[in-house]
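Visitor: Sharing a structure, written as structure tokens. Questions coming.
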Amino acid sequence: MTTGARRRMGVEERREQLIAVALDLFSHRSPEDVSIDEVAEAAGISRPLVYHYFPGKQQLYEAALRRAAEELTARFVEPHEGPLGARLLRVMERFFDFVEEHGPGFSALMRGGPAIGSTRTSAMIDGVRQAAYVQILAHLGIPDPAPRLELVVRSWISLAETTALLWLEGRPIPRTELQRQLVHDFAALAAVSAAYDERMARVVRQILADEPADGMFADLVGRLVALPEPVRCA
Numbered sequence: 005m006t007t008g009a010r011r012r013m014g015v016e017e018r019r020e021q022l023i024a025v026a027l028d029l030f031s032h033r034s035p036e037d038v039s040i041d042e043v044a045e046a047a048g049i050s051r052p053l054v055y056h057y058f059p060g061k062q063q064l065y066e067a068a069l070r071r072a073a074e075e076l077t078a079r080f081v082e083p084h085e086g087p088l089g090a091r092l093l094r095v096m097e098r099f100f101d102f103v104e105e106h107g108p109g110f111s112a113l114m115r116g117g118p119a120i121g122s123t124r125t126s127a128m129i130d131g132v133r134q135a136a137y138v139q140i141l142a143h144l145g146i147p148d149p150a151p152r153l154e155l156v157v158r159s160w161i162s163l164a165e166t167t168a169l170l171w172l173e174g175r176p177i178p179r180t181e182l183q184r185q186l187v188h189d190f191a192a193l194a195a196v197s198a199a200y201d202e203r204m205a206r207v208v209r210q211i212l213a214d215e216p217a218d219g220m221f222a223d224l225v226g227r228l229v230a231l232p233e234p235v236r237c238a
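Heads up: the sequence shown begins at 5 in the numbering used here, then just goes up one per residue.
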């Protein structure tokens with residue numbers, strides 16, 4: 005039996021392959037536990053050839069992180085159509101798709117992994133957070149937010165990140181519940197801020213005005229109204 009000759013890859017094609025292989029390995033195990041030998045074996049090439057394209061594991065790791073950051077950033081892009089609650093829910097669904105698909109790689113991206121302290125790695129992480137921040141402001145139609153609104157949006161992004169990292173440790177709460185809860189968290193943060201600031205109150209009133217009776221934020225109000233009465237001791 006004869007086999008066809010293996011096609012020779014160009015430089016960029018081979019780099020893309022190695023990044024994809026590294027991302028796949030990082031999705032199952034923490035990057036510091038993945039060796040260059042494993043990357044080479046998964047790519048079907050020799051260890052020296054990996055070093056031909058990437059000077060070291062750190063450079064390959066950063067290239068993989070950069071690709072993960074680009075993909076995660078894209079998950080926050082959502083058409084500006086329909087009520088805000090429904091848009092945020094779709095964003096959270098795609099966000100948790102990424103979290104579930106990449107697992108340890110997501111943790112490494114947001115926590116810094118073996119590259120913690122690296123200026124380039126920190127810039128990637130900050131870039132993802134900033135892109136999410138800009139997207140949310142675009143949905144609100146407020147490009148130049150007041151301080152309280154900036155605090156609400158950035159706090160919510162941080163909450164979503166922390167929630168996802170904690171969820172990965174044991175997944176004690178169903179994912180679908182967390183996605184809805186995070187959308188409700190955004191409404192709660194905005195509502196509390198509105199109690200202190202008239203500009204935030206206007207933002208919240210506009211959000212609620214655009215929500216249908218069966219929308220995400222109306223669902224939160226319904227859940228709060230349905231809370232059981234506390235048991236009073238005689």
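Where is the CB? At the ideal position from N, CA and C, for every residue including glycine. Here the structure is a predicted model, which is why all the values come from computation and not from measurement.
So, helix, strand or coil for A199, using DSSP?
Guide: Three-state result, A199: coil.
Visitor: Of all the options G14, T125, L153, E215, which has the alpha carbon lying nearest to the alpha carbon of V138?
Guide: Closest by alpha carbon: L153.
Visitor: Go to I161, then tell me how far its alpha helix (DSSP H) extends in each direction, as first and last residue.
Guide: Its alpha helix (DSSP H) spans residues 151-172.
Visitor: Using the C-alpha atoms, what's the distance from V156 back to S197?
Guide: If I take the Cα positions, the gap works out to 8 Å.
Visitor: V138 lies in the alpha helix (DSSP H); which residues open and close that run?
Guide: 123-144 is the extent of the alpha helix (DSSP H) around V138.
Visitor: Rounding to the nearest angstrom, what Cα-Cα distance links G107 and S31 in this structure?
Guide: Using only the alpha carbons, I get a separation of about 5 Å.
Visitor: Suppose the cutoff is 7 Å on Cβ atoms and the five residues either side in sequence are ignored; what does the same chain contact list for V25 look like?
Guide: Here the set comprises V43, A46, A47.
Visitor: Please classify E215 as buried or exposed, where buried requires at least 16 other C-beta atoms within 10 Å of its C-beta.
Guide: Counting Cβ neighbours within 10 Å, E215 comes out buried, since at least 16 surround it.
Visitor: For D101, which residues in the same chain have their Cβ closer than 8 Å to its Cβ, ignoring the five residues on either side in sequence?
Guide: So the qualifying residues of the chain are R79.
Visitor: Quick one: is Q63 buried, meaning 16 or more other Cβ sit within 10 Å of its Cβ, or exposed?
Guide: By the 10 Å Cβ count, Q63 comes out exposed.
Visitor: DSSP on P176, reduced to helix/strand/coil?
Guide: Note: P176 maps to coil in three-state DSSP.
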